[in-house]
Every structure is written in C-alpha cells, then in structure tokens.
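Novice: First residue of the first sequence? That's 619 in the numbering used here, and the numbers climb one at a time after it. Every residue gets a Cβ at the ideal spot worked out from N, C-alpha and C, and that includes glycine. Structure below; questions to follow.
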Amino acid sequence: MSEPLAPQYNPSTIESELYRWWTERGLFSPESHAPGSGEPYVIQMPPPNVTAVLHMGHGLNNTVQDVLIRFERMRGRRALWVPGTDHAGIATQNVVERLLAEQGLTRFDLGRDSFVERVWAHVRETGAVILEQLKAIGSSADWSRTYFTLDEGLSQAVRETFVQLYEKGLVYRGHYIINWCPRCLTALSNEEVDKEEVDGKIWHLRYPLADGSGHLTIATTRPETMLGDTAVAVHPADERYRHLVGRELLLPVVGRRIPVVPDAAVDPDFGSGAVKVTPAHDPLDFEIGQRHGLPTIDVMTPEARISLVAPERFQGLDRYEARRQVLTELEHAGLVERVEEHRHAVGHCYRCATVIEPRLSDQWFVRMEPLARPALAAYREGTLRFVPERRGDDYTSWLEGIRDWCISRQLWWGHRIPVWYCDADGCGMTTVSRTDLTVCPGCGGPARQDDDVLDTWFSSWLVPFSSLGWPKQTRDLTTYYPGHTLVSSPDILFFWVARMIMSGLHFMGKVPYTRIYLHGVVRDTQHRKMSKSLGNGIDPLEVVERYGADALRYSLISGMSVGTDVILDPRDLESTFAPARNFANKLWNAGRFILSNLEGPTRPLAGTHAAEVRREELTLADRWIIARCDATVVEATEAYERFRLNEAAAAVYRFIWSDLADWYIEQVKPRLYGDQQGGDVARAVVVQTFDVALRLLHPVMPFITEALWRRFPGRPETASISVAPWPRHDSRAQDPEALRDFGLVQELIGAIRGIRAEYGVQPGQVVRAVVSAGERFTEAALEQERATIIRLAKLSAVSFAPNHERVGGHAVLSDRTSVFVPLGEAIDIGRECSRLGTEAERLLRLVESQEKKLGNEQFVSRAPAEVVDREREKLTTWKEQRDVLVKKRELLGCG
RNA sequence: GGGCGAAUAGCUCAGCUGGUUCAGAGCGCCUGCCUUACACGCAGGAUGUCGGGGGUUCGAAUCCCUCUUCGCCCACCA
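Below, the structure written as structure tokens:
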C-alpha cells in the first residue's frame, strides 16, 4: 500500500486484485457486511443464458443493478443481489445441436438420454463463463447463492408449481393451433414469436361451385394451405354471398368438395369478403372450423413440408415450393383472378428467425386470466410501480389482453413435464406427480412420462422465490422475499417480469418486487440495437481491458437517462470511453496528490464531516468546498434514490473535477506544502471532502474509489469502501455566503485570465490588478483569498481601489465589481474599446428586453411578486454593469 | 390498424414542477501553455431559428394541437 503511485492510472491489475480481495472477504454476502442489522434490500439478477457471452446489454443491465446494490449496501441495508444462470432450453439445445452438426450428427442419432448428457457435459465444460465476465465488470452479486435453473432445488420448485396449478385447474392440456418453429421443431408461446412486417402478396383465387354454376373468389396470402381447406367462410350478413351459403365448392388442385359457411369472424371489407378455411393451419380458421364442425386436414409435417394427406405430387415439398406449385396449377386452370401487393406481419422464431407455422397440436397451457387479475390489481393499487411510469401501460395492456400460455416444448433440454400416461387398455389414466413414476397408480401397469419439456420461462418466472429455497420454507426465503427492485430491459417485460409478478402473487401471496426499473437498450449511432448479426456490437471485456471496468461502467451510466436508450459508437471506442478513463485518471491523480501531502499534522476529526472544524479556522475556500461537498451529497443521494443514475454520476463528476480539482486543490496547495499555518485544517478538509466524493462515486466506479480510499492513512487493513457508511447531509455545512463569495473570487480570477488571454500576456509574466467595489465583493472578501487570486491569476499584486487608470483591460463581474488590469503600452486601445463595446451592447440588449418585460402591465400584475422582484433586480444589475462599461469607455476615450 | 418514445452545438446527450444553472455538459474544433497531482492535463475561445407550424400564458426548449422524420411495442383482416 505504500509504494509510490504511478502518474497514470492502470486499472487492469488493480481491478482484478481488488475483486479477489472483496470476494475473499465475503463483502457481497449480506451476512458478512452487516450481521443482523439493517432492512434487507434484494435484487434478483435476470439470469443470463448459461451459454451466453457477455454483451453490452448484460453490461448495462448488471452495471445498473450493481450501482443500486452498492448504494444500498453502503446505506446500511442488508443488500443481497442474487445471481444465477438460465438453462435456456431452445438456445442451449441449438448450441449443442450445431456442435453435433459439425460432426455430421443430429440429436436423433444420439437419442434423448445421451443428447441430454451431452448438453450437460457442454454446460459443465464451458462453465458459466458469463458469471466470470460479470465479475470482471465489478458485479457485487452474492456468488455463494448462485443458482442454475436446472438445479435440484429449482427443479423441485418447477414441479411443485406445475402440480399446484394443475390441481387448481390452471394447467391443462389442449388441442389447439400453436406457434410452431419448423426448424427448432417445437411449439412456442405467443411471446416467443417476433412479428415482422414484410412485403408479401395477396392472391385472389376462384373456387368453382361444385355444380359448375360459376365460382366464388377468395383472397389468401398463403395459397399452399388450400391443400388443407375444408370450407370457405363468408359473413352471414354479406348480401353478395348470401345465396351461396350452404352450397358446395370444388376445391381446385385437390378436387375435394367443401361447403360455404357463414361466420361473423369474416370481415366483408377485406379481400373479396370470402375466406378459405384451413382449420389445421390458421388460428382463426381453427375457430371457424370448431363452430361449424369442419374436419381438420393437417397438410404439413413438423418441418413444414407437405404431408402424405395431400395429393402425391405435393408430398415432401417445402411450404414455399408448394406455394409455387399450387399457384402454377391454379394459373393453368385460369383460377387466379388477380394478385396484389400486400404488406403484413409475419411471425418469426425468436431463436432462429425461421417463419413460424401455425400448427394444430396437443400442448400444455397455463390458464392466465386468473393469474393476471391480481397482477393487474397490484399495479392499480400502487403496490407495484414502474420506472419510467409509462411502462405500466405496456404491462397493463398485456395483462388485460392476456392469452393462455403454451408451456410445452418439443425439446430434450429442460424440465421434463411431470405427467405420466398409462397406455393400458381400459385404464389410460393421466397422472400429474411431484415424484417420478414408473407404474400407473390406477392399474399398476407401466407409466410413460410425457416426452415434452417446459418452456424455459416456466422456471425463470419462479426465481424470486425458487432461488431462495422455495418450496422449502428456508431462512433465506423468509428473510429475502419479497425483494425490492427489479432491473430489466423492456424486451423481457412480458417473458419474465410480468410473469414473475403473477407467480409471486400466486405462490407467495406478495409481489416479488415493488419497483420495476426498465432501462433502455444499447444501440449504435444509427440507433440500431447492438447485435452479433449486424456486427455493430462492442465487447465489454475489450473495453474493460483497454479502459478499465470503471470507465465502462461510468460510460454506460452517464449515457443513460431514465427510460432512454444508450447510444455507443462501435466504430470509435476511443471517443466513447476515453472521457470516463480520463475521469478515472483525474481522480487517481487528485488522490495521488492528496496522499502525498498528508505528511504534516492533520486536524483529527471525530466524525466523518469536514463541517466539524470550527468555522473561524476555515478559509473562505474551505467553507466553500465544504458547502459544495454537502450539496453534492444531497444531489447525488437523491439522484440515486430516484434511479437518475446519470445525474448522480454527473453531480459527483462535477464536484470532483470542477470544484475539488480545478479550484480547491489549486487553492489549498500552499497550505499543504511543508509546515504552513493552517495546514492541519487544510489537510482535514481536503481529506474529508475527497473521502465523501469517493464514497459518492463508489457505486459507479467501485474499483478506483476502493483503491484510493484504502490508501488513506489510518485506514484499517480490513476496511473496505464498499461497506463504508454512505455520506450524510449535514446542515452545518450549508453556507450560502461562502458559495456566493468564493463564486465571485472564481469570477474575478476568470475575468483576469480572460484579459490576459485577450491581450496575449505571456504565461510567465505577472501583472497587477485593481478591483473596485461591487455589490457583494468587499475588500474583506478579497482579503481572505488574496493569495489565491494572486497565484491563480498570476498577479504581482491585487489592490482594492477605485480604478481611474486608463490603459488596461477591463471587466465587470456579476455583482458589478469592476476589475482593471493595467497593461501599459501592451494595450491596444482600439481593441479594448471594441471589446468593451461588444460587452456593453450585449448588456444593453439584456436591459432592453428586461425593461420591456417589466414595462408589461400584465407581467407586473399577474406574475408572482417574488418573480417580479427578481426580474427587477436583474435589470438593476445589468443596467449598472452596463453603466460601468460605458464609463470605462469614456475614460479610455473610446469613440 | 392501435399505442408509445425521440428530435436541443459538427457528434452523443442533460435540461424534472413554465420564470435563478436557461440556452448547458462531454467529445470534436481554434489559441496559448510540459505552471513540481494529472498533456488521459491546464487556461482561454468559437459554435444553436431548442424539427416545422399553430395555440394556451404576463412569460414556452418546457404545457396543448398539428405536421414531418426516425425508432420501438402491440394486433388472428385471411
């Protein structure tokens, strides 16, 4: 700890060492940092896929969570961040299938058991790499509680849930049209289908009447499904077709006779007003079929090829080949009336982007309406709140229109459905069981388990309690359920967030979180979502390597305001991440400077606040920085509390860079060097304000703040900033007078610097300055910071006197204090006249518009008195500032 | 088809309850500095019809309407 610090901050070694130290000390477990004290504060990490590789989306999501958990941990809560990984049924199965494909194998070559074993082997072998990556960005999750959704305990929870829901009639098996991915060969829920607008065509086709007396024209976007048509439907009130209802058509290509049925679901204004009915391949057609007792003819295989029930010449054709073939035949028969361009939404598999095929099959469903009702109520009563609030509307509308959840998947990787069938003649019993069965409880014959597995989300919707031990009544469960804040991206609002609310209410009787914070999405400068396929991603680990985890985190947090997306430029990492790295370096050097100047005596402070030093011993600058520091505590704390993390980060940035480094440290230097008078107080103030700044920044930049904080003298070897108390606002630090007066000192120095720059005064050359009284800036105030003014403005002397000298640079401060820098022959009178003239004109414009405002009868009578007063004051100030300038111009003899 | 969000400096964005941060920050740009914490720095500077139009108001970047552009979500018109 005592080796000299390098002038350039090098995060890579420091970060990994500190992370190891944190975990060795168990600082991320609530038990170790605050035994038995403080209210629990719990966040559940959205479990990443077990095979996932860290991308910026994870980076943002986990940084936000880490900021919140570190903030609450420092505030003394028993902060618990529960991490885990998701077995991710389809995604993981696809990964392993791809690996098999490289050896020319399919999962069917291996068979179910060895395939599943193979997936386990893969998952174990590659490990949860992503968890290690989350550590690299500083995530302070409690890794001792890491779960995997296929763990024994969570599997128990899944089974318990399924059985309970089944027993209440909320899980059922049904024969319906579901979304089917012909590539993944499984059913999907509605949420797992990405709708995408595509330019397609709509064909108007003639179906001849069976008796040869003409035809009926139908409109379709999917001509190939006509192979499975079993009717044509028209609206019952449609005059055009009323005479055809009940008659028969001869289905072209196939030659089947099909009826014309009346059904109110048909929109007479769309297409031709007549719709072909294919009950096995369209959800609406299925319903029409149900109502009219129509047969269902499934003309497609699971792979979306034409099945054996279709005419032989179509069998085995891919659905799009079949479309072409059908159209060719219809054209030859002269049955294509016309073709129109048609833009419509087509569903795609969210895992492989294959076009979804609506398919009739037996699946397991969860009846959602009874679960949705309490979830809606929780939101409407205000138990559950969204940040930003408008996300509550999405939540509400989804729940209001909720449809049953198809939970069975025709996959091998996942939780097997806990249902056993008996195939014995005369028994045929279906048993839903918490434990595995081998024999049928009804007849003692062999029991056969359902082949399917459950939707991945059927395990992840339980994690707020299953990760804590449920269904066992564990200590963790009673202590840490319900949690507090859920941090997520809006794209899994329905998949995961809303469902957790429902399961939490149903199984635990309480919402799992009271706050749902939905942050934005990481995009590139063209506002496209970062993705592997677009090649516009940024690898967070590359950023960590080049700029440090703190820089990554700061960049993400500062680029994010509530509810908006984060835009990062993948083509220019340097300008994207350098500002945050530069900030870290600035902080490092401020720390280095302070640490190297603590040799002399330091005023010991009993508590943690610099305001404890007696006021008489403080300089104006001391009082100013103490007040600014306290204001920053208030500002940052409120911002963190309100999830305005970017504002918290900006407030601390401003304090550290603009206040502490640019002004206070510059001001305090002479007092720190050697054994100067007041050095003890200066050291106390600089250490305390820096300490506060580090603590305020720690949630966002945990590594560098820890690295510096630990190095301060008197710090116990075991102390960590991650469990240091959060800085508290101290009203004794408030000091409006100091803020105002030191503000004028800053203004004065700035004015002199401006004059120097304007006239190209050599940096090494000292000049004189004369200050004459303004409203606030008295000789006493100047006296207090005389040395500071002289040093920072590079003066030989500053005097307080009315200035009548003619040749020099002039400026006026906001309180009408005027400043004069005599420059002898160096001054160009003409230049100074025009400079003052421009400034006077600017003020004149302000004065004029202000006079107009105050001359407005309406304004004076209707605006609040205090606003009017304030505006009057402004006018006076500007007027007088202008007068001063005009007088100076006269003095100079300007034309 | 329905709903939502965004549009402010060349770029990325703040600006919350209309008036004391009101036109801001960072990057980039220009000028000058290796001033013993930091050139990943310091000092100074230039840059805006606050997307267009209309309205409410004493007063609008801020509230309302409308249009334009971009983006997102939802939806069984085949």
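What is the DSSP secondary structure of alanine 1224, reduced to helix, strand or coil?
Specialist: Low per-residue confidence applies at alanine 1224: pLDDT is 49, beneath 50, and the placement is therefore not dependable enough to give any value.
Novice: Of the residues Val1437, Val1379, Asp1446, Met1118, which one's Cα is nearest the Cα of cysteine 1512?
Specialist: Selected option, being the one with the closest Cα: Asp1446.
Novice: Going by beta-carbon coordinates alone, are threonine 919 and phenylalanine 904 separated by less than 9 Å?
Specialist: Not in contact: threonine 919 and phenylalanine 904 (Cβ atoms no closer than 9 Å).
Novice: Going by C-alpha distance, which of Val872, Leu768, Val1231 is nearest glutamine 943?
Specialist: For the residues Val872, Leu768, Val1231, the minimum Cα distance to glutamine 943 belongs to Val872.
Novice: For a test of the three-state rule: what should DSSP assign to glycine 1511, helix, strand or coil?
Specialist: Glycine 1511: coil per DSSP, three-state reduction.
Novice: What residue range does the beta strand (DSSP E) around proline 976 cover?
Specialist: Note, proline 976: beta strand (DSSP E), 975-984.
Novice: What distance in whole Å lies between the Cβ atoms of phenylalanine 1201 and tyrosine 1271, which are believed to be in contact at a cut-off of 8 Å?
Specialist: With a Cβ gap of about 6 Å, tyrosine 1271 and phenylalanine 1201 count as contacting.
Novice: Compute the beta-carbon to beta-carbon distance between leucine 1461 and leucine 1493, rounded to the nearest angstrom, for a pair I have assumed lies under 8 Å.
Specialist: So it is not a contact: roughly 11 Å between Cβ atoms.
Novice: What does the alpha-carbon distance come out to for the pair alanine 1257 and threonine 896?
Specialist: The straight-line gap from Cα to Cα measures roughly 57 Å.
Novice: Taking all protein chains shown into account, do 16 or more other C-beta atoms lie within 10 angstroms of the C-beta of leucine 698, making it buried, or fewer, making it exposed?
Specialist: Its Cβ being crowded by 16 or more others within 10 Å, leucine 698 is buried.
Novice: Is it the case that the stretch 995-1002 contacts the stretch 950-965, given that we only count it when at least three CB pairs across the two stretches are under 8 Å?
Specialist: Flag = no, the stretch 950-965 and the stretch 995-1002 do not touch.
Novice: Are the beta-carbon atoms belonging to alanine 1342 and methionine 663 less than 9 Å from one another?
Specialist: The answer is no: Cβ separation not under 9 Å.
Novice: Look up histidine 962 in the DSSP assignment and give the residues it is bridged to.
Specialist: Val816.
Novice: In the DSSP output, which residue or residues are listed as bridge partners for glycine 1426?
Specialist: DSSP lists Pro1440 as partners of glycine 1426.
Novice: Give me, in chain order, the residues of the same chain whose beta-carbon lies closer than 8 Å to that of valine 1514; leave out the 5 immediate sequence neighbours on both sides.
Specialist: Within the shown structure, residues of the chain are numbered from 619 to 1513, placing residue 1514 beyond reach of any answer.
Novice: Between glycine 1060 and the rest of its own chain, which residues show a CB-CB distance below 7 Å, the 5 nearest in sequence each way excluded?
Specialist: Same-chain partners within the cutoff: Cys1040, Cys1045, Met1047.
Novice: Tell me cysteine 970's beta-bridge partners as DSSP assigns them.
Specialist: None, per the DSSP bridge assignment.
Novice: What would DSSP say about aspartate 847, mapped onto helix, strand or coil?
Specialist: Note: aspartate 847 maps to coil in three-state DSSP.
Novice: Assuming valine 668 contacts valine 816 (C-beta within less than 8 Å), just tell me the rounded distance between them.
Specialist: Not confirmed; about 33 Å, so no contact.
Novice: Histidine 1347 and threonine 1255 - do their beta-carbons sit closer together than 9 Å?
Specialist: Yes.
Novice: Can you find at least 3 beta carbon pairs, one from the stretch 630-646 and one from the stretch 1315-1324, that sit closer than 8 Å?
Specialist: Touching, yes.
Novice: Taking the Cβ atom as the reference point for each residue, do leucine 1055 and tryptophan 1038 lie within a distance shorter than 9 Å?
Specialist: Going by C-beta atoms, leucine 1055 is nearer than 9 Å to tryptophan 1038.
Novice: Mind checking leucine 717: buried by the 16 CB within 10 Å criterion, or exposed?
Specialist: Classification for leucine 717: exposed.
Novice: Taking glycine 1000 as part of the alpha helix (DSSP H), name the residues at either end of that continuous run.
Specialist: Here glycine 1000 belongs to no alpha helix (DSSP H), and DSSP marks it neither H nor E.
Novice: What three-state label does DSSP hand alanine 1245 in the structure shown?
Specialist: The answer is helix: DSSP assigns alanine 1245 an H, G or I state.
Novice: Could you check the C-alpha separation between cysteine 1451 and alanine 1419 for me, to the nearest Å?
Specialist: So the two alpha carbons sit approximately 22 Å from each other.
Novice: Under 8 Å by Cβ, that's how I've got valine 1184 and glycine 1155 pegged, so tell me the actual separation to the nearest angstrom.
Specialist: About 13 Å separates the two Cβ atoms, so there is no contact after all.
Novice: Using the beta-carbon count (16 or more within 10 Å), is serine 1149 buried or exposed?
Specialist: That one is exposed.
Novice: If contact is defined by three or more beta carbon pairs under 8 Å, each pair taking one atom from either stretch, is the stretch 670-683 in contact with the stretch 1104-1116?
Specialist: At 8 Å Cβ cutoff, the stretches touch.
Novice: Going by DSSP, what residue range makes up the alpha helix (DSSP H) through serine 890?
Specialist: That residue, serine 890, is in no alpha helix (DSSP H); it is neither H nor E in DSSP.
Novice: Nearest by alpha-carbon distance to valine 1437: which of Ala759, Arg1374, Gly1382 is it?
Specialist: It is Arg1374.
Novice: DSSP three-state label for glutamine 933, please.
Specialist: Correct three-state label for glutamine 933: coil.
Novice: Is phenylalanine 733 near the ligand NAD, judged by its Cβ being under 8 Å from some heavy atom?
Specialist: The model depicted lacks the ligand NAD and carries no ligand whatsoever.
Novice: Determine the DSSP secondary structure at tyrosine 765, reduced to helix, strand or coil.
Specialist: In the structure shown, tyrosine 765 sits in a strand (DSSP, three-state: E or B).
Novice: How about aspartate 1168 and proline 1320: do their beta carbons lie closer than 9 Å?
Specialist: Yes.
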